[in-house]
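Peer 1:
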Amino acid sequence: MIGLLASILDGVLVGAVYGLAAMGITLIWGVMNVINLTHGAMIVAGMFGLYFLVAALGVPAYAALAPVLVAGFLVGLALYWIAVHRMVGQPPLMSLLSTFAVNLVLIGLGTAAWGTVLFNVQVSLPGFSIGRYTFPGTHMMAAALTAAIAGVLYLFLYRTRAGKAVRAVAGNRDAAELVGIPTTRILALAFGLGVALASVSGALIATMFPFTVLSGDAYQLKSFVVTVLGGLGNPTGALVAGIALGLVEGLATPFMPVSWTLVIEFALFVVVLIALPGGLLSLRIRRRRT
Amino acid sequence: MILRRPFFWIIGIAMLAFAAAPLGKNVELRESLVLAAVYIILASNLNMMLGYAGYVNFGSIVFFGLGGYFCLFLMSARDWPLIPAILAGGIAVSFLAFLFGIGILRLRGVYFALATIGVNEAVMAFVNNFEPWGGATGIYLSTGIFQQLGGPASALWIVYYLLVATMGLSLYLSYFVKRSKFGLGLLAIGQNEDAAAVLGVPTPRYKALIYSASAFLPAVAGGLYFFKGAFIQPPDAFDLQLSTEAIVITMLGGQGTILGPALGAFLYEELRGWLLTSATFSSFQLVIAGALLLVIVLFAPGGLMGLLHRRWPNLKRFLE
Amino acid sequence: MKKTAFAAAVAMLLAGPAFAAGDDTITIGMTVSQTGALNVDSVAQLKGAEYWRDEVNAAGGIKAGGKRYKVRFVEYDDQSQGGRVQQLYTRLIVQDKAQFLFGPYSSGLTATAAVISEQYGRIMLIGGGAEAKTYQLGNKYLFQCITPADYYLTGAIQALKEKDARAKVAFVYSDDPFSKAVVAAARAQAVEAGFTVALDESYAPSTTDFSPIINKIISSGADAFLGGGHYPDGATLARQLYDQKAPLKYVAILVAPDSPKFATLGSAALGITVPSQWEPQVKYKPDFGPTPEEFAKSYQAKTSLEADYHTASGYVTGMLLQHAIEQAGSIEPEKVTAALEKTDVTTFFGRDKFSTDPKSHGLQIAHQMVLAQWQMKNGKLEKEMVWPDAAKTASLVFAQH
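In order, the protein sequences belong to chains A, B and C. Residues 1 to 290 (this note's numbering) make up the first sequence, in order. Residues 291 to 610 (this note's numbering) make up the second sequence, in order. Residues 611 to 1011 (this note's numbering) make up the third sequence, in order.
The structure is reproduced here in structure tokens:
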């Protein structure tokens, strides 16, 4: 019984971080209808960023998160202008392909530079034990920081002018332009934010698990699954969905071979895409209205 | 009537040239042409979904892999000979594609693209656990399997010719589809799906048909390719990178055209072959692929064929 | 690394004509996983083989039929992917005119390469493909120099039995051909030895989050762990088992702990055992070639790197080929094949003999694994040999770590 609880709780902790990663995708999608396929590469960039700050410069791991966040934001701005700006009005296919192309380039460069060697950031935090089970300290810290970052994002979106402008553009770009919001700059800002979220979630993941240049793909897929479950364009949904997915994984693994979890995740992904394009949360909302 | 169109003959000649190139003895050339043929098959079938109907299939490789699995399973566990096995694989995969299609073709644009990745990953994860197909170990064909075609050496040549034939069929298929009313409907869907529906194009049926049709030849090619290798395992069969390359190739050559994917595949394969054996650049393959794709998407969405057509508009009548 | 590769390539291009011009060169072709998940182990194996090549050439080359042949390698990067392997081996045979081949690293890639080597009738020696299935497909020119997968955990199970005959064992392993083959055999051996199998699960090779499966191990009440895969997952597993304080008294992980890199895990490495094809402390008395100690010392002196079993298997692959050519007195494939089939020798690596039964031709039937464990020695983490008794340098430490 405790084993099951331990499994669920741990799943929730890690799931929260995946939710944070998914928030990056969903924010960008919500604001400009672009699916950022460089998301995976940005997660890896965050991982490497953390690694270098910690290993090469000796910065304590959790302090290194801030520079990674800021760097991610700046890179996001750059990416916007390089690959996305021209694509915003066009069919989604084009922006999909352009971000995809940038992803290929980044991962290719990364592989050429660092091969596929496993990197590990040594973070030692005392874990929390209940009976025979231990929750690694890093998982708990990561979940706590995720909550903090999500909280800050919420405050930004709902309590600052810039944040409100972002929500306005997400709602209706033309109307936002009409009321004098510099939409292009806001789009760039939103993209930067999305990438910042990707890279800081990458850094958080790096505090928990080892990574290679190719890890990005797996986390990008997971982010997509979570994003879809939470409803594209819905940041709160993404966070909740991340936790929910973690919960489901934690619930399922004691009862079935671990290798089946991937199958279930992707099957769920496809099913939700087909049956509930608004994500799992759209179910709740519909019920509330009736 | 179609026989009068020069392009019909151009495809035919190109195919014969391809088949004859290694002159029945240049094995190294044959090996690299095999890969080129596989790329062309994947790209031109993908092109029908991407270039005509405007639906990006990120997981198109799933047809290739499943075709390989069906073929190798039938040959190793049920002792089927090659040709029936690859055909059965093709039919089975088309049918599965039709079933999957019914589900995911309701989705538009981006959602569809994501779903295709999901389908590929789900299938790979499933096959990894599916013991009758060898699970993670995969299926091995014993060396004796090539005896039915006269021994390993001649078997490889036969497989090569079959692949060239499949490639030719892919090109002809894209050509006939494009020239048909069905193709017109697809192009309309690609331009504006809602308008097409309003104008009477039976969009769900057409989409499902093309999705299913675009699965058949890649599945056959998968059967041939993995038979040649005498071995299949999930990471090789469902390699998303090949899907990616198929997309790059289609865009590079010119989506929506017939020769486009073929041209793109050919160029890309040569580039890749060179990169592969160059010590410094072997890991640059993805970088170059990505950079090419980016440049095309940003500046020349019509690809090489688009550029050619713009420069020499008269070419459109002969080369499409 | 990239620069040396480039320089080597340029050097080879320049030196190539010089080499190729002489009839007295033997070209050995191979692919190496320079990139991809298998690169740590594959490159170690390559270095062992290159060391052999350099030694042989320094001594004047391989002697056969009154001539002396210099050895030349041609190698390509297979990126740890099967798709490239066949194209590359075809190129090695047809374009680079390799007379002999060394296999790629890992069972999956070996199977793919074997299709080509058999089609062209080229001898291929395998230093890094343990799965037995590859040798059961009717091959004639394939020769396995290392212990097959089925026996990887035999020693680990024996050692465990000596300490605790009623242990509860958890099998947790990577979902790849090699690890599955190892555990399939080990499972049967464990049951026969009288253990209870408390858990038996595989994970996706790219897994980095083992906490769900570790929780399952804890829930199952297991006190012994057998499994793992290759370097990345093995190392991560070791670390997380430690972080989550899994109450295991005996941990045997495949492949990963054998690499000197494993020591970087610090306390997480302590007590982990690894079935090994070879350790520097083994006490084999070779019929020819260096002793284990000489090999380890000279390799370290020349390359400043420590030798592990991958390095050793790369080296012995070369030695066995050389021995067969010299015995045959010729480089003709048929004669060398016959010589290999008659081989039964002991080198620094141990005893090697190949099966000649057509149903398993080329399978290694003499070489044995040893078991090593990471222990503290004078304040430093060192790998000690703990099994079999005849070869051990320290006793197995059996306790929760």
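Glycine residues also receive a C-beta, built at the ideal position from the N, C-alpha and C atoms.
Among residues of its own chain, excluding the 5 on either side of valine 793(C), which ones have a beta-carbon nearer than 6 Å to its beta-carbon?
Peer 2: Your numbering for residue 793(C) matches position 183 in the third sequence. Hits under 6 Å: Phe781, Tyr783.
Peer 1: So, using beta-carbon positions, are threonine 641(C) and leucine 698(C) closer together than 9 Å?
Peer 2: Taking the first residue of the third sequence as 1, we reach residue 641(C) at position 31. Taking the first residue of the third sequence as 1, we reach residue 698(C) at position 88. Against a cut-off of 9 Å, the Cβ pair of leucine 698(C) and threonine 641(C) comes out as a contact.
Peer 1: Between Ala165(A), Thr207(A), Ala41(A), which lies nearest to tyrosine 62(A) when the distance is taken from Cα to Cα?
Peer 2: Along the first sequence, one-based indexing puts residue 62(A) at 62. Comparing Cα-Cα distances from tyrosine 62(A) to each of Ala165(A), Thr207(A), Ala41(A), the minimum goes to Thr207(A).
Peer 1: Residues of chain C with CB closer than 7 Å to the CB of glutamate 249(A), please, in chain order.
Peer 2: Within the first sequence, the letter at position 249 stands for residue 249(A). By Cβ distance, chain C contributes Pro822.
Peer 1: Leaving out five residues before and five after alanine 631(C) in sequence, what residues of the same chain have Cβ atoms less than 7 Å from its Cβ?
Peer 2: As a working note, residue 631(C) is residue 21 in the third sequence. Only weak support is given to the placement of alanine 631(C): the predicted model assigns it a pLDDT of 38, under 50, and the question is left unresolved by the model.
Peer 1: Mind pulling the chain A residues with CB within less than 9 Å of proline 842(C)?
Peer 2: Mapped onto the third sequence, residue 842(C) falls at position 232. Thr116, Val117, Leu118, Pro210, Thr212, listed in chain order.
Peer 1: For chain F, find out if any of its Cβ atoms is closer than 9 Å to the Cβ of glutamine 696(C); answer yes or no.
Peer 2: Among the protein chains of the structure shown, namely A, B and C, there is no chain F.
Peer 1: Which runs of the beta strand (DSSP E) spanning at least 3 residues fall entirely within the stretch 662-742 of chain C, listed in chain order?
Peer 2: Here the runs fully enclosed are 672-674, 677-687, 710-712, 733-736.
Peer 1: For valine 346(B), name the three-state secondary structure that DSSP assigns.
Peer 2: In the second sequence, residue 346(B) corresponds to position 56, counting from 1. Note: valine 346(B) maps to coil in three-state DSSP.
Peer 1: Suppose contacts are defined by Cβ-Cβ distances below 9 Å. Is glycine 399(B) in contact with leucine 477(B) by that definition?
Peer 2: Translated into positions along the second sequence, residue 399(B) becomes position 109. Translated into positions along the second sequence, residue 477(B) becomes position 187. In this structure, leucine 477(B) does not lie closer than 9 Å to glycine 399(B) by Cβ.
Peer 1: What separation, rounded to the nearest whole angstrom, lies between the Cα atoms of tyrosine 133(A) and leucine 880(C)?
Peer 2: As a position in the first sequence, residue 133(A) is number 133, starting the count at 1. As a position in the third sequence, residue 880(C) is number 270, starting the count at 1. Cα to Cα, tyrosine 133(A) sits roughly 20 Å from leucine 880(C).
Peer 1: Please report the distance separating the alpha-carbon of aspartate 526(B) from that of glutamine 691(C).
Peer 2: Mapped onto the second sequence, residue 526(B) falls at position 236. Mapped onto the third sequence, residue 691(C) falls at position 81. The alpha-carbon atoms of aspartate 526(B) and glutamine 691(C) are separated by roughly 7 Å.
Peer 1: Could you have a look at leucine 561(B) and say whether DSSP puts it in helix, strand or coil?
Peer 2: For this step, residue 561(B) is matched to residue 271 along the second sequence. In this structure, leucine 561(B) counts as helix in the three-state DSSP scheme.
Peer 1: Looking at the structure shown, is tryptophan 267(B) part of a helix, part of a strand, or coil, going by DSSP?
Peer 2: With chain B represented from 291 up to 610, any question about residue 267(B) goes unanswered, as that position is not in the structure.
Peer 1: If leucine 584(B) and alanine 83(A) are in contact, beta carbons under 8 Å, what's the gap, nearest whole angstrom?
Peer 2: Residue 584(B) sits at position 294 when you count from the first residue of the second sequence. Residue 83(A) sits at position 83 when you count from the first residue of the first sequence. That belief holds up - the Cβ atoms of leucine 584(B) and alanine 83(A) are roughly 7 Å apart, short of 8 Å.
Peer 1: Could you tell me which uninterrupted beta strand (DSSP E) segments, each at least 3 residues in length, are contained entirely in the stretch 417-455 of chain B, listed from first to last along the chain?
Peer 2: As far as the stretch 417-455 of chain B is concerned, it has no whole beta strand (DSSP E) run of at least 3 residues.
Peer 1: Grouping DSSP H, G and I as helix and E and B as strand, with all else coil, what is glycine 804(C)?
Peer 2: Against the third sequence, residue 804(C) aligns to sequence position 194. The answer is coil: DSSP assigns glycine 804(C) none of H, G, I, E or B.
Peer 1: Looking at the unbroken alpha helix (DSSP H) that takes in phenylalanine 958(C), where does it start and where does it end?
Peer 2: Looking up residue 958(C) in the third sequence gives position 348. Premise fails: phenylalanine 958(C) is in no alpha helix (DSSP H) and is neither H nor E.
Peer 1: Are alanine 723(C) and methionine 734(C) closer than 9 Å when you measure CB to CB?
Peer 2: What you label residue 723(C) is simply residue 113 of the third sequence in a count that begins at 1. What you label residue 734(C) is simply residue 124 of the third sequence in a count that begins at 1. Contact: yes.
Peer 1: May I ask you to list the residues that DSSP assigns as paired with aspartate 954(C)?
Peer 2: As a working mapping, residue 954(C) is identified with position 344 in the third sequence. Partner(s): Lys963(C).
Peer 1: Is aspartate 999(C) buried or exposed, if buried means 16 or more other CB atoms sit within 10 Å of its CB?
Peer 2: Stepping through the third sequence from its first residue, residue 999(C) is reached at position 389. Exposed, by the Cβ-count rule.
Peer 1: Measure the beta-carbon distance from tyrosine 919(C) to aspartate 868(C) and round it to whole angstroms, keeping in mind my assumption that it falls under 8 Å.
Peer 2: Looking up residue 919(C) in the third sequence gives position 309. Looking up residue 868(C) in the third sequence gives position 258. About 5 Å separates the two Cβ atoms, so the contact holds.
Peer 1: In terms of alpha-carbon separation, which member of Lys990(C), Tyr841(C), Phe958(C) lies closest to threonine 116(A)?
Peer 2: If you number the first sequence from 1, residue 116(A) lands on position 116. Nearest C-alpha to threonine 116(A): Tyr841(C).
Peer 1: Cβ closer than 8 Å: which chain A residues qualify as neighbours of asparagine 419(B)?
Peer 2: Sequence index remark: in the second sequence, residue 419(B) carries index 129 (1-based). Within chain A, the residues near asparagine 419(B) are Pro257, Ser259, Trp260, Val263.
Peer 1: Quick one: is leucine 851(C) near chain B, going by C-beta distance under 9 Å?
Peer 2: Working through the third sequence from its first residue, we reach residue 851(C) at position 241. Not one chain B Cβ lies under 9 Å of leucine 851(C).
Peer 1: Against chain B, with Cβ distances strictly below 9 Å, would methionine 87(A) count as a contact?
Peer 2: Along the first sequence, read from residue 1 onward, the residue named residue 87(A) stands at position 87. Yes - at least one Cβ of chain B is within 9 Å of the one on methionine 87(A).
Peer 1: Identify whether glutamate 916(C) lies in helix, strand or coil by the three-state DSSP scheme.
Peer 2: The sequence position of residue 916(C) within the third sequence is 306, counting from 1. Coil at glutamate 916(C), not helix or strand.
Peer 1: Under 9 Å, do isoleucine 43(A) and alanine 198(A) count as touching if we go by C-beta distance?
Peer 2: On the first sequence, position 43 is the one that residue 43(A) refers to. On the first sequence, position 198 is the one that residue 198(A) refers to. Result yes, Cβ atoms of isoleucine 43(A) and alanine 198(A) sit closer than 9 Å.
Peer 1: Verify the CB distance criterion: does proline 591(B) have a CB-CB separation below 9 Å to chain A?
Peer 2: The residue you call residue 591(B) lines up with position 301 of the second sequence. True, the Cβ-Cβ gap to chain A drops below 9 Å.
Peer 1: Distance check for isoleucine 941(C) and alanine 708(C), CA to CA, integer angstroms please.
Peer 2: The count along the third sequence starts at 1 and reaches residue 708(C) at position 98. The count along the third sequence starts at 1 and reaches residue 941(C) at position 331. Answer to the nearest angstrom: the Cα atoms are 12 Å apart.
Peer 1: Closer than 7 Å between beta carbons: that is the criterion. Which residues of the stretch 795-829 of chain C meet it against chain A?
Peer 2: Result list: Glu811, Ser812, Tyr813, Ala814, Ser816, Thr818, Asp819, Ser821, Pro822, Ile823, Asn825, Lys826, Ile828, Ser829.
Peer 1: In this structure, does DSSP put threonine 534(B) in helix, strand or coil?
Peer 2: Within the second sequence, the letter at position 244 stands for residue 534(B). Here threonine 534(B) sits in helix by DSSP.
Peer 1: Go through its chain and collect everything with a Cβ distance to glycine 480(B)'s Cβ below 7 Å, but skip five positions before and after it.
Peer 2: Reading the second sequence from its first residue, position 190 is the one you call residue 480(B). Around glycine 480(B): Tyr342, Ala343, Gly344.
Peer 1: Smallest Cα separation from glutamate 685(C): which of Lys677(C), Val695(C), Tyr679(C), Arg678(C)?
Peer 2: Here residue 685(C) refers to the residue found at position 75 of the third sequence. The shortest C-alpha separation from glutamate 685(C) is found at Val695(C).
Peer 1: When you compare the stretch 861-876 of chain C with the stretch 824-841 of chain C, are there three or more beta-carbon pairs, one atom per stretch, that lie closer than 8 Å?
Peer 2: Result yes; three or more Cβ-Cβ pairs closer than 8 Å.
Peer 1: Does any residue of chain C have a CB that is nearer than 9 Å to the CB of histidine 39(A)?
Peer 2: Mapped onto the first sequence, residue 39(A) falls at position 39. Answer no: the Cβ-Cβ gap between histidine 39(A) and chain C never drops below 9 Å.
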